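Chemist: Last residue of the sequence shown: 340 (this note's numbering), numbering continuous. Pasting in a structure now, in structure tokens, and then I'll have a few things to ask.
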Amino acid sequence: MSAIDDLVVTVARLRAPGGCPWDQEQNHQSICDCLVEEVAELLETIDRNDLDHMREELGDLLLHVVMHAAMAQEEGHFTFEDVAREINEKMIRRHPHVFGETQANDTAAVLKQWDEIKATEKKNGVVAEGPFKALPPTLSSILKARDVYKTVQKKKLDAGTTINRAEVARLTDGLTEEKAGDALFALVAACREAGIDPDSALRRKTSEIMRAAVH
């Protein structure tokens, strides 16, 4: 068997009668906090370019995929094979310039084609409608703000004065990752000093921009 097959068998054994009491008690919801922690730990190894520990953290993340698939299989919903098959089919479908007859000669063309194909697909059982409908509801406030601004840019939406474009342009000039980190941390620290929740502030501002852009 392959290493993937071995892992699937191991998880099934842990969940089976006579296996591990802790693993047997878990469900999709009970291990969500662990999943978030594993993603955070993986991101930390990527930030450090720590490849040895990145391999370990990728394994921890893969364990969660296999565990959720095992739980679903026990309930007769889907298997790990189904998960792998579906993502493989999606990657082939979204890369017709590689597996089909279309042409995409640069990254911009690839991303445009990807978005066009994605817009026709169902997400969580619903075809995406409107400029912001496809955004995952559980994105962090920073990632959601980034994706909302990306959508405003790509779709040329009019968000009125909710976006201070002059300030965006000023901050963009000469901006590096190090300077961005310094500025973001300083702003979060300032919010702490002022008694402001930075996450709530950004979340509300993003919602304001979304409302303005769809009216």
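Where a beta carbon is used, it is the ideal one built from N, C-alpha and C, also for glycine. Predicted model, so just to flag it, every value in this text is computed and none were measured.
Let me know if Val339 comes out buried or exposed under the rule of 16 or more other beta-carbons within 10 Å of its beta-carbon.
Modeler: With fewer than 16 Cβ atoms within 10 Å of its Cβ, Val339 is classed as exposed.
Chemist: Among residues of its own chain, excluding the 5 on either side of Ile217, which ones have a beta-carbon nearer than 7 angstroms to its beta-carbon?
Modeler: Closer than 7 angstroms at Cβ, skipping near neighbours: Phe224.
Chemist: Determine the DSSP secondary structure at Pro221, reduced to helix, strand or coil.
Modeler: Helix at Pro221.
Chemist: Please report the distance separating the alpha-carbon of Glu302 from that of Asn174.
Modeler: Taking the straight line joining both Cα atoms gives about 15 angstroms.
Chemist: Between Pro146, Phe257, Cys159, which has its C-alpha nearest Leu187's C-alpha?
Modeler: Leu187 has its Cα closest to that of Cys159, out of Pro146, Phe257, Cys159.
Chemist: Within its chain, find whatever has a CB closer than 8 angstroms to the CB of His178; leave out the 5 residues flanking it on each side and keep chain order.
Modeler: Closer than 8 angstroms at the Cβ level, and outside the excluded window around His178, lie Thr170.
Chemist: Would the beta-carbon of Leu327 fall within 8 angstroms of that of Ile267?
Modeler: Result yes, Cβ atoms of Leu327 and Ile267 sit closer than 8 angstroms.
Chemist: In three-state DSSP terms, what is Met126?
Modeler: Coil.
Chemist: Please confirm if the stretch 148–163 is in contact with the stretch 199–207, defined as three or more CB-CB distances below 8 angstroms between the two stretches.
Modeler: Flag = no, the stretch 148–163 and the stretch 199–207 do not touch.
Chemist: I'd like to know whether the C-beta atoms of Pro261 and Lys280 end up nearer to each other than 8 angstroms.
Modeler: Contact flag unset, no.
Chemist: Let me know the secondary structure DSSP gives Arg279 once reduced to three states.
Modeler: A quick correction: the sequence has Lys, not Arg, at residue 279. Helix.
Chemist: Roughly how many angstroms lie between the CA atoms of Ser332 and Tyr274, to the nearest whole one?
Modeler: Rounded to whole angstroms, Ser332 to Tyr274 spans 11 angstroms at the Cα level.
Chemist: To the nearest angstrom, how far is the alpha carbon of Ala263 from that of Lys269?
Modeler: Note that residue 263 corresponds to Thr in the displayed sequence, not to Ala. Each residue's Cα considered, the two are about 9 angstroms apart.
Chemist: Looking at Val235: is its Cβ nearer than 8 angstroms to the Cβ of Ala229?
Modeler: Yes.
Chemist: Which residue's Cα is closest to the Cα of His193: Leu132, Thr227, Thr287?
Modeler: Residue Leu132 is the option with its Cα nearest to His193.
Chemist: Straight-line CA distance for Asp343 to Glu181?
Modeler: The displayed coordinates of the chain run from 126 to 340. Any statement about residue 343 would go beyond what the structure contains.
Chemist: Using DSSP with H/G/I as helix, E/B as strand and the rest coil, what is Val313?
Modeler: DSSP places Val313 in helix when its eight states are reduced to three.
Chemist: Could you check what DSSP says for Asn289 in three-state terms: helix, strand or coil?
Modeler: Note: Asn289 maps to coil in three-state DSSP.
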